[in-house]
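Okay, so here's the structure we're looking at.
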Amino acid sequence: MKFRFLKDKFFKHLMFMCIVFSISIVFLMLFGLFIRSLPILQQKSFSDIFLSGTWHPLRGEFGFAPFIVGTLWVTVVAMVIAIPLCLLTAIYLSEYAHRRVTVFLKPFIDLLAGIPSVVYGIWGVLAVIPLIRDYIAPLFGVRSTGYGILAGGIVLGIMVFPIIIQICVEVFQSVPKELREASLALGATKWQTIKHSVLRKALPGILAAIVLGFSRAFGETMAVLMVVGNVPKIPKSIFDCAYPLPALIANNYGEMLSVPLYDSALMLASLILLLLVLIFNILARLILIRVERSTQ
Amino acid sequence: MDCQSHICVNNLNVFFGKEHILKNISLKIPDKKITAIIGPSGCGKTTLLKSFNRLIDSYDGVKVTGEILVDDENILHPNIEVTHIRKKMGLLLQNPYPLPMSIYDNVAYGPRIHGIKNKKKLDEIVEHYLKQTNLWIEVKDRLNAPASRLSVGQQQRLCLARGLAVEPEIILGDEPTSALDPISSKVIEEKFQELSDNYTIIIVTHILRQAKRLANYVIFLYLGELIEQGTAEEIFENPKEEMTKAYIQGKIS
Chain A
1 MKFRFLKDKF FKHLMFMCIV FSISIVFLML FGLFIRSLPI LQQKSFSDIF
51 LSGTWHPLRG EFGFAPFIVG TLWVTVVAMV IAIPLCLLTA IYLSEYAHRR
101 VTVFLKPFID LLAGIPSVVY GIWGVLAVIP LIRDYIAPLF GVRSTGYGIL
151 AGGIVLGIMV FPIIIQICVE VFQSVPKELR EASLALGATK WQTIKHSVLR
201 KALPGILAAI VLGFSRAFGE TMAVLMVVGN VPKIPKSIFD CAYPLPALIA
251 NNYGEMLSVP LYDSALMLAS LILLLLVLIF NILARLILIR VERSTQ
Chain B
297 MDCQSHICVN NLNVFFGKEH ILKNISLKIP DKKITAIIGP SGCGKTTLLK
347 SFNRLIDSYD GVKVTGEILV DDENILHPNI EVTHIRKKMG LLLQNPYPLP
397 MSIYDNVAYG PRIHGIKNKK KLDEIVEHYL KQTNLWIEVK DRLNAPASRL
447 SVGQQQRLCL ARGLAVEPEI ILGDEPTSAL DPISSKVIEE KFQELSDNYT
497 IIIVTHILRQ AKRLANYVIF LYLGELIEQG TAEEIFENPK EEMTKAYIQG
547 KIS
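Those protein sequence lines, which keep their order, are chains A and B. FYI, the numbering used here numbers position 71 of the first sequence as 71, with every residue one higher than the one before it. One rule links them: number in the numbering used here = place in the second sequence (from 1) + 296.
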């Protein structure tokens, strides 16, 4: 066989190995975390771990419900804040703004993506927390220290801005100009065109942007940890403190590992977090396929 | 010209940035006839067509001077409300662009944005225009299927039905058959001939044979300038300008 064919074969297989390697890391992680969290899974019942709200490692009580609920709350609040703002920003940038304005403004949004998460955390403590304590909470007749789900949600929401905006702008720009012309030519206004044609065509892309935003929001640790208050109790309102899973792991790993099962419990926390993100991604993908099939 | 003119263009100039695309164009488009705009690619045919319904507004750095009178109304006037002008003109693009929704919704889109909500009325409109474009039999059992599942030829007829459903007076076609197979092209051409009894039709085409088959009136553009306009017989049998003669004989393209 000629040498160039050998080379062709070699590279084909090399690339395949690379793919296998990168995919297998996910499974290795899942497997590793599962092995390490086995001790707690074997000794405690399912309801003790997932449904109980008491977290007392020294007494051997590891109820994960507050952390799971906390993670979900913060993420959902963040997305409720981020999605409408990002969509409107992206629509403005791609549909209404003059080209020069877009070129001028986009770097600022990209800049948001480059700010380290600690800085977001500090900003949250200095700006968002007083705002909630002195203005927002009193508005609803609640006394609050300012630390809590709302603060976490606001900070996190702003952190996912750049991802969602960037992807949405690109998605909008990939919608063919002729589609807009087809709608405009029927006498539709710009907003009718955007609402009925552009957004519909872009829906799968928008969903993908939201999924990416969510995945980032689930796992974000530092900034959230600094503003959510970190109290292991099931939160009842958005002004309550929460303790999301990433914060639990970051705050406690490396300490108190002499407590029996503590180490295993933190591994389980990581496993739950990973599974949450995974399940969310799979669900989102399924929805995406449906949407694509129905609109195309 | 014995017939009444529907669109009247006076000293139209269009610039894209520094580029002078259309140069001092003045012409008349007859009512309820088929007018073909011919000329080599890049001569400004499409720009002229898109000036008629002011779609060129959405291009960056565009500047338009002169006037375009549609039913004696200058549509380039800054205070004019654009959507009612566009409603008067159905547009058929080179490639069909069905809106990302069902076949039914595509046809109902126009009537809906212009305020028709009555389901029964919409049903009637959709059926009527799908029948008019010979699509009804092919799609009547799958009106709720996405329009993108139709063949390209069917999509173009759907786009025609969609355009007719807003009850325009004028139909603009930007090389409307160039992406279609011969049979679909023929269907569209026949439709145009039928529709010319009630509509003013303007098509841009680079296919001379198509212009000969369809047009009553021909406009020849070359590099942004209007070289000659006249009835089809005049232009094809007895052109006055050397340039027109050369183009029709295939010497310039």
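Glycine included, every Cβ here is placed at the ideal spot set by N, Cα and C.
- Query: Does the region 341 to 359 of chain B touch the region 306 to 322 of chain B, meaning 3 or more C-beta pairs lie closer than 8 Å?
  - Reply: Flag = yes, the region 306 to 322 of chain B and the region 341 to 359 of chain B touch.
- Item | Beta-carbon spacing of VAL277 (chain A), VAL74 (chain A) below 8 Å | In the first sequence, counting from the first residue as 1, residue 277 (chain A) sits at position 277. In the first sequence, counting from the first residue as 1, residue 74 (chain A) sits at position 74. No Cβ-Cβ contact shorter than 8 Å links VAL277 (chain A) with VAL74 (chain A).
- Task: Kindly identify the DSSP beta-bridge partner or partners of VAL514 (chain B).
- Result: In the second sequence, counting from the first residue as 1, residue 514 (chain B) sits at position 218. Residue pairing of VAL514 (chain B) in beta bridges, as defined by DSSP: B:ALA332, B:GLY526.
- Message: So the candidates are A:HIS56, A:ASP134, A:ILE164; which of them puts its Cα closest to the Cα of ALA151 (chain A)?
- Response: By 1-based counting over the first sequence, the position of residue 151 (chain A) is 151. Of the listed residues, the one whose Cα sits closest to ALA151 (chain A) is A:ASP134.
- Using three-state DSSP, classify ASN309 (chain B) as helix, strand or coil. Here residue 309 (chain B) corresponds to residue number 13 of the second sequence, with the count starting at 1. The answer is strand: DSSP assigns ASN309 (chain B) an E or B state.
- Query: Starting from PRO107 (chain A) and walking both ways along the beta strand (DSSP E), at which residues does that stretch end?
  - Reply: In the first sequence, the residue the question calls residue 107 (chain A) occupies position 107. No beta strand (DSSP E) contains PRO107 (chain A), which is instead part of the alpha helix (DSSP H) from 99 to 114.
- Query: Which ranges would you report for the alpha helix (DSSP H) in the region 318 to 372 of chain B if only whole runs of at least 4 residues count?
  - Reply: Runs of alpha helix (DSSP H) with 4 or more residues, each lying fully within the region 318 to 372 of chain B, are found at 341 to 348, listed in chain order.
- Run through DSSP, which three-state label would GLY469 (chain B) get? For the purposes of this step, residue 469 (chain B) is taken as residue 173 along the second sequence, with counting starting at 1. In the three-state scheme derived from DSSP, where H, G and I count as helix and E and B as strand, GLY469 (chain B) is classed as strand.
- Task: Would you decide whether GLY520 (chain B) is buried or exposed? Buried here means 16 or more other CB atoms lie within 10 Å of its CB.
- Result: Within the second sequence, the letter at position 224 stands for residue 520 (chain B). Within 10 angstroms of the beta-carbon of GLY520 (chain B) lie 16 or more other beta-carbons, which makes it buried.
- Task: Check distances from the C-beta atoms of the region 165 to 184 of chain A to those of chain B and list, in chain order, the residues that come in under 7 Å.
- Result: Cβ contacts with chain B: PRO176, GLU178, LEU179, GLU181, ALA182, SER183, LEU184.
- Item | Residues of the region 200 to 226 of chain A with Cβ closer than 7 Å to any Cβ of chain B, in chain order | Within the region 200 to 226 of chain A, contact with chain B at the beta-carbon level (separation under 7 Å) is assigned to ARG200, LYS201.
- Task: Measure the beta-carbon distance from VAL403 (chain B) to LYS384 (chain B) and round it to whole angstroms, keeping in mind my assumption that it falls under 8 Å.
- Result: The count along the second sequence starts at 1 and reaches residue 403 (chain B) at position 107. The count along the second sequence starts at 1 and reaches residue 384 (chain B) at position 88. Rounded, the Cβ-Cβ distance is 18 Å, inconsistent with contact.
- Item | Any alpha helix (DSSP H) of 4 or more consecutive residues that is wholly inside the region 377 to 405 of chain B | With a minimum length of 4 residues, the continuous alpha helix (DSSP H) runs that stay inside the region 377 to 405 of chain B are 378 to 383.
- Query: Any C-beta of chain A sitting closer than 8 Å to the C-beta of THR527 (chain B)?
  - Reply: Your numbering for residue 527 (chain B) matches position 231 in the second sequence. Not a single C-beta of chain A is nearer than 8 Å to the C-beta of THR527 (chain B).
- Query: How do the region 205 to 222 of chain A and the region 171 to 182 of chain A stand: do at least 3 beta-carbon pairs fall below 8 Å, yes or no?
  - Reply: Taking 8 Å as the limit for Cβ pairs, the verdict is that the region 171 to 182 of chain A does touch the region 205 to 222 of chain A.
- Query: What residues from the region 185 to 198 of chain A come within 8 Å of chain B, judged by C-beta to C-beta, listed N to C?
  - Reply: Residues passing the 8 Å Cβ filter: ALA185, LEU186, GLY187, ALA188, THR189, GLN192, HIS196, SER197.
- Task: Answer yes or no: does any C-beta atom of chain B fall closer than 8 Å to that of ARG290 (chain A)?
- Result: Residue mapping note: residue 290 (chain A) aligns to position 290 of the first sequence, counting from 1. No, because no Cβ of chain B sits closer than 8 Å to the Cβ of ARG290 (chain A).
- is_contact[ASP589 (chain B), chain A] using C-beta, thresh 8 Å: Lying outside 297 to 549, the shown extent of chain B, residue 589 (chain B) is not represented and no answer is given.
- For ALA542 (chain B), the three-state DSSP class (helix, strand or coil): As a working mapping, residue 542 (chain B) is identified with position 246 in the second sequence. In this structure, ALA542 (chain B) counts as helix in the three-state DSSP scheme.
- Does the region 451 to 469 of chain B come close enough to the region 395 to 410 of chain B that 3 or more CB-CB pairs lie under 8 Å? The region 395 to 410 of chain B, when compared against the region 451 to 469 of chain B, does touch it at the 8 Å Cβ threshold.
- Task: Could you tell me the distance, in whole angstroms, from the CA atom of GLU533 (chain B) to the CA atom of ILE499 (chain B)?
- Result: Within the second sequence, numbered from 1, the residue matching residue 533 (chain B) stands at position 237. Within the second sequence, numbered from 1, the residue matching residue 499 (chain B) stands at position 203. So the two alpha carbons sit approximately 20 Å from each other.
- Query: What in chain A is Cβ-close to VAL462 (chain B), meaning under 7 Å?
  - Reply: Along the second sequence, one-based indexing puts residue 462 (chain B) at 166. Correct list: LEU186, GLY187.
- Message: Taking CB distances under 8 Å as the criterion, tell me whether ARG143 (chain A) reaches chain B.
- Response: Position 143 of the first sequence holds residue 143 (chain A). False, the Cβ-Cβ gap to chain B never drops below 8 Å.
- Query: Given that a residue counts as buried once 16 or more other Cβ atoms are within 10 Å of its Cβ, and exposed if not, what is ASP401 (chain B)?
  - Reply: Here residue 401 (chain B) corresponds to residue number 105 of the second sequence, with the count starting at 1. By the 10 Å Cβ count, ASP401 (chain B) comes out buried.
- Query: Are the C-beta atoms of MET539 (chain B) and some chain A residue less than 8 Å apart?
  - Reply: Within the second sequence, numbered from 1, the residue matching residue 539 (chain B) stands at position 243. Chain A, which has no Cβ nearer than 8 Å to the Cβ of MET539 (chain B), makes this no.
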